[in-house]
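Chemist:
Protein chains in written order, with this note's numbering: chain A, 1 to 131; chain B, 132 to 295.
(1) Rounding to the nearest angstrom, what Cα-Cα distance links residue 165(B) and residue 48(A) in this structure?
(2) Counting only beta-carbon separations shorter than 8 Å, does residue 172(B) have a partner in chain A?
(3) Give, in chain order, every residue of the segment 256-282 of chain B whose Cβ lies closer than 7 Å to some Cβ of chain A.
(4) Where does residue 226(B) sit, in a helix, a strand or coil, going by DSSP?
(5) Considering only DSSP beta bridges, list what residue 235(B) is partnered with.
(6) In whole angstroms, what separates the C-alpha of residue 284(B) from that of residue 244(B)?
(7) Going along the chain, which unbroken runs of the beta strand (DSSP E) with 3 or more residues stay wholly within the segment 253-294 of chain B?
(8) Just to confirm, are residue 278(B) and residue 40(A) a CB contact at a threshold of 8 Å?
(9) What do you reckon, are the CB atoms on residue 177(B) and residue 163(B) nearer than 8 Å?
(10) Within this structure, are the beta carbons of residue 212(B) and residue 238(B) separated by less than 8 Å?
(11) Pick from 233(B), 221(B), 263(B), 152(B): whose alpha carbon is nearest that of residue 193(B)?
(12) Tell me the residue span of the beta strand (DSSP E) that contains residue 191(B).
(13) Based on Cα-Cα distance, which residue from 219(B), 189(B), 251(B) lies nearest to residue 232(B)?
(14) Roughly how many whole angstroms lie between the Cα atoms of residue 172(B) and residue 263(B)?
(15) With DSSP run on the structure shown, which of helix, strand or coil describes residue 31(A)?
(16) Taking buried to mean at least 16 other C-beta atoms within 10 Å of its own C-beta, is residue 286(B) buried or exposed?
(17) Under the three-state reduction of DSSP, which class applies to residue 195(B): helix, strand or coil?
(18) Using only the alpha-carbon positions, how far apart do residue 265(B) and residue 252(B) sit?
(19) Say whether chain B places a C-beta atom closer than 8 Å to the C-beta of residue 28(A).
(20) Would the beta-carbon of residue 212(B) be found less than 7 Å away from any heavy atom of the ligand ATP?
(21) In its own chain, which residues sit with a C-beta less than 6 Å from the C-beta of residue 159(B), not counting the 5 before and 5 after it?
(22) Identify, in the order they occur along the chain, each residue of the same chain with its Cβ nearer than 8 Å to the Cβ of residue 175(B), setting aside the five sequence neighbours on each side.
(23) Distance cutoff 8 Å, beta carbons only. Does residue 212(B) sit that close to anything in chain A?
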């Protein structure tokens, strides 16, 4: 019994000792509470402490994205003897300049195939995609 | 004939596999000591946090001098931290060995390093004993140390060791 008492005292004493780890100072960040860290002065300080001069202002938040104009793709030529497939309507390129202006339109679709004339007007109509 | 040869081979393999066995020893104890570091104001020492540790040692019955050990520990003071240690042990005698290994904590902050130490066992019977384990470890890596400082542990662990 006495042996156990000595054992308990031996291990419990450091918990209440003035030499106990920590105190006011710190050696490790985990010595401090979760919102603080150990500074180079050996004291716990707030992790995100504001700068003394109030900090710098933020950047402007109006991004400018330059648009890229894309031209329309030309239609494919029709097979000889049949009506050529007309070029599909081309989509106007979307573009914007630095100031957000409208982009230039894409080029028109390609002309229908050569055979389109022979096959008659039943073939798809080619629409120019210019806007 | 083929079946007999296969059976003979299997028996041979089984005997060979059976020849080497892993011996396991469990450990459970407490530890503390001194903890030193330089946050920027010079080297400072204080008592290390009390820790509870447990682990296992593995060694072959054919080569009992070499062993690998794994320890997990929890520092129970301040903000409790959780860590582990893997070590290579060289047993110079049945009840005394030296070791070196890697140590780290993973929560609430990370801390990594390595160290060395020795283990002395006071046997109580065939499978149970008390271990006393002084060690020295340096921890230069991780988010737990302020700046580029190195945390140093001079620890003394003690507890129960038992065969598994």
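C-beta: ideal position from N, C-alpha, C; glycine also. No experiment lies behind these values; they were computed from the predicted model shown.
Modeler: If we stick to the structure as given:
(1) On the second chain, position 34 is the one that residue 165(B) refers to. On the first chain, position 48 is the one that residue 48(A) refers to. So the two alpha carbons sit approximately 31 Å from each other.
(2) In the second chain, the residue the question calls residue 172(B) occupies position 41. Interface criterion met: the Cβ of residue 172(B) is under 8 Å from a Cβ in chain A.
(3) 274, 275, 276, 277, 278, 282
(4) Looking up residue 226(B) in the second chain gives position 95. Coil.
(5) In the second chain, counting from the first residue as 1, residue 235(B) sits at position 104. 215(B), 243(B), per the DSSP bridge assignment.
(6) In the second chain, the residue the question calls residue 284(B) occupies position 153. In the second chain, the residue the question calls residue 244(B) occupies position 113. Rounded to whole angstroms, residue 284(B) to residue 244(B) spans 10 Å at the Cα level.
(7) The qualifying runs are 259-272, 282-294.
(8) Sequence index remark: in the second chain, residue 278(B) carries index 147 (1-based). Sequence index remark: in the first chain, residue 40(A) carries index 40 (1-based). Yes, they are a contact pair.
(9) The residue you call residue 177(B) lines up with position 46 of the second chain. The residue you call residue 163(B) lines up with position 32 of the second chain. No; because the gap between Cβ atoms is not below 8 Å, this pair is not in contact.
(10) For the purposes of this step, residue 212(B) is taken as the residue at position 81 of the second chain. For the purposes of this step, residue 238(B) is taken as the residue at position 107 of the second chain. Cβ distance < 8 Å, so residue 212(B) and residue 238(B) count as in contact.
(11) Here residue 193(B) refers to the residue found at position 62 of the second chain. Closest by alpha carbon: 152(B).
(12) In the second chain, the residue the question calls residue 191(B) occupies position 60. From DSSP, the beta strand (DSSP E) with residue 191(B) extends over 182-191.
(13) For the purposes of this step, residue 232(B) is taken as the residue at position 101 of the second chain. The option with the nearest alpha carbon to residue 232(B) is 219(B).
(14) Numbered from 1 along the second chain, position 41 holds the residue referred to as residue 172(B). Numbered from 1 along the second chain, position 132 holds the residue referred to as residue 263(B). Roughly 34 Å separates the two Cα atoms.
(15) Walking along the first chain from the start, residue 31(A) turns up at place 31. Assigned with DSSP and collapsed to three states, residue 31(A) falls in helix.
(16) Locating residue 286(B) in the second chain gives position 155, counting from the first residue. Flag for residue 286(B) reads buried.
(17) Walking along the second chain from the start, residue 195(B) turns up at place 64. Residue 195(B) falls in the coil class under three-state DSSP.
(18) Taking the first residue of the second chain as position 1, residue 265(B) is located at position 134. Taking the first residue of the second chain as position 1, residue 252(B) is located at position 121. Cα-Cα distance, rounded: 12 Å.
(19) In the first chain, residue 28(A) corresponds to position 28, counting from 1. By this cut-off, residue 28(A) is an interface position.
(20) This structure lacks the ligand ATP; in fact it carries no ligand of any kind.
(21) Taking the second chain and counting its residues from 1, one reaches residue 159(B) at position 28. 185, 290, 291, listed in sequence order.
(22) Counting from one through the second chain, the residue named residue 175(B) turns up at place 44. Once the five neighbours on either side are set aside, the close Cβ partners of residue 175(B) are 167, 168, 169.
(23) Against the second chain, residue 212(B) aligns to sequence position 81. Yes - at least one Cβ of chain A is within 8 Å of the one on residue 212(B).
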